[in-house]
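Residue numbers (the working numbering): 1 to 561. Ideal Cβ positions, reconstructed from N, Cα and C, are used throughout, including at glycine. Small disclaimer: the values here were computed from a predicted structure and weren't measured. These notes concern the structure reproduced below.
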């Protein structure tokens, strides 16, 4: 792909005249951040809509038909379960002790005592729940161990939708424009989310969960691309990090599920508001960088003039003259902007750039490293998130806390991006995560030997939070770093490919904790080892701090030289 034509200013130079982050950019940046709140919430809504509530077998004669008590004092006598070190009893979900009929007849006044039950167990079909939470478990009878795979499969379908959607949205955004595909993803996310709330059976819920993930997957990456492309070099890291603040808050919004215990109501609350973003068709402009890369300079000029007016900045005579020259001598540009011919040219530009990338050993080596780093980020990030459910306390509060703790991680990333540059910020974040994961693994090994259980649990939680900070910071940095290494014509698609590859890594994350059945600290040690390798490999990448965004493959190759 060629750079802007001779005599036509680069967009970074134009931003020097109209302002790198003026009122025009701030307004549009806020608008693109708002849908990210709901995209983040939709991306994890299945944790609660398809979650397994607390329940046990109903015990006839002991449980009140109208107001059964999940934690009644007699439960340990009637239902098998386990006791923890603090003396708390957790009953099994789908089994109860068989009643001793002869004992009940002789002692009818002590129906729920230990003597009235044998040690034999039986399956049950009626259940008592520990809260008012309503999920698809009650909706479609998905209780007990044999149905756990169905709940887990919802997550599998979600990640499959993310893989498909991320790849498609990136390519479509490079071909048809950032704004149009961004809006389509938002509306598609909203409509499929509403359909998910109206699902009539488990199969329809799965289908709409897949489709909802397809739409959701494009919202954040495209918001990120639009945000980065609308500002100057000194504001890029700020835009990428603040967008992550919105994402973390959006995830934490799911903690409000405590006030919306019915899964249908929760899904509707997350899906209906984004429909208001239809107004973005008139409010949010197309990416000027994308327009210039596609030689749609007349359209770009209109947006640049509007930005200058809103920012109260004056455009130079030379820049105005270049606009007029393009309008007067724009017969070729007009043909490019008509709906007939541009498709082939657009495809040619994209595929020509892709071929040039595959013809460059330098870029192939860089992008191979980035693919590995992306995959490690996804595996470790989602792996640690899954382990977070083991924290004691209110699960809604814990979930919100684990999400909000990402904000300090993004803040650390912002600071490191500005002070250390992209390469050291990425490597340092991964090495921090590696150190804390390995340390947590050693604490897990030692807690039964020379560390008390209470002290060990406190250390594991502390190290977990520090590790989550590190991997969160790494995830924030890698988006900025990747976008700045990609030429404009394939930037959105390139970030999409990296993100798609990361989703395959995320699909492995739920299986990593199973390694603890062979050796308890093995998952944490694996997270630490892979983060260490990724952190060291990232040092081989070129620094892009305060560098002009590459418009062509040649400029991308020249980074760091």
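- Looking from the CA of residue 554, the closest CA among 360, 192, 259 belongs to 360.
- In this structure, residue 471 places its C-beta atom within 8 Å of the C-beta atom of residue 381.
- Secondary structure note for residue 118: its beta strand (DSSP E) is the uninterrupted segment 117-123.
- With a 10 Å radius around the Cβ and a threshold of 16 neighbouring Cβ atoms, residue 414 comes out buried.
- For residue 56, the secondary structure class from DSSP, reduced to helix, strand or coil, is strand.
- DSSP places residue 262 within a strand segment (E or B) once states are collapsed to three.
- Annotation: residue 410 to residue 63 spans about 49 Å, alpha carbon to alpha carbon.
- With a cutoff of 8 Å on beta-carbon distance, residue 369 and residue 537 are scored as near each other.
- Contact between residue 427 and residue 532 does not hold, since their C-beta atoms are separated by about 10 Å, which reaches or exceeds 8 Å.
- Residue range 89-91 is occupied by the beta strand (DSSP E) that includes residue 91.
- Between the stretch 495-503 and the stretch 218-234 there are three or more inter-stretch CB-CB distances shorter than 8 Å, so the stretches are counted as touching.
- For residue 29, the enclosing alpha helix (DSSP H) covers residues 23-44.
- Between the stretch 48-56 and the stretch 123-130, the count of C-beta pairs closer than 8 Å reaches three or more; the two stretches touch.
- About 22 Å separates the beta carbon of residue 278 from that of residue 25, a gap too long to meet the 8 Å contact definition.
- By the neighbour-count criterion, in which 16 or more other beta carbons inside 10 Å mark a residue as buried, residue 550 falls on the buried side.
- Rounded to whole angstroms, the gap between the alpha carbons of residue 95 and residue 79 is 7 Å.
- Taking 8 Å as the cut-off, the beta carbon of residue 45 is found no closer than this to the beta carbon of residue 268.
- Following the DSSP letters along the chain, one finds residue 83 inside the beta strand (DSSP E) bounded by residues 81-83.
- Secondary structure of residue 134 (DSSP, three-state): strand.
- About 21 Å separates the Cβ atoms of residue 503 and residue 48, ruling out a contact at the 8 Å cut-off.
- Burial state of residue 149 is exposed, judged by a 10 Å Cβ sphere holding fewer than 16 other Cβ atoms.
- The beta-carbon distance between residue 350 and residue 174, rounded to whole angstroms, is 6 Å. This is short enough to meet the 8 Å contact definition.
- At a Cβ-Cβ threshold of 8 Å, residue 385 and residue 402 count as neighbours.
- Using a Cβ-Cβ distance cut-off of 8 Å, the stretch 287-300 and the stretch 175-185 are in contact, since at least three pairs of beta carbons, one from each stretch, lie closer than that value.
- Residues 232 of the same chain have their beta carbon placed closer than 6 Å to that of residue 15, with the five preceding and five following residues left out of the count.
- In the DSSP assignment, the residues bridged to residue 128 are 56.
- DSSP, reduced to helix, strand and coil, places residue 231 outside both helices and strands of the structure shown, so it counts as coil.
- Our two residues, residue 71 and residue 282, have alpha carbons roughly 55 Å apart in a direct line.
- Within the stretch 343-417, the complete alpha helix (DSSP H) runs of at least 4 residues fall at 361-387, 395-404.
- The beta-bridge partner set that DSSP reports for residue 173 is empty.
- Counting along the chain, residue 99 sits inside the beta strand (DSSP E) bounded by residues 95-99.
- Taking a C-beta distance under 8 Å as the contact criterion, residue 441 and residue 528 qualify as a contact pair.
- Between residue 556 and residue 363 the beta-carbon gap is near 6 Å, inside 8 Å, which marks them as a contact.
- Our two residues, residue 293 and residue 480, have alpha carbons roughly 20 Å apart in a direct line.
- Counting other Cβ atoms within 10 Å of its Cβ, residue 212 reaches 16 or more and is therefore classed as buried.
- Leaving aside the five residues that flank residue 430 on each side, the residues in its chain whose CB is nearer than 6 Å to its CB run, in chain order, 474, 531, 534, 535.
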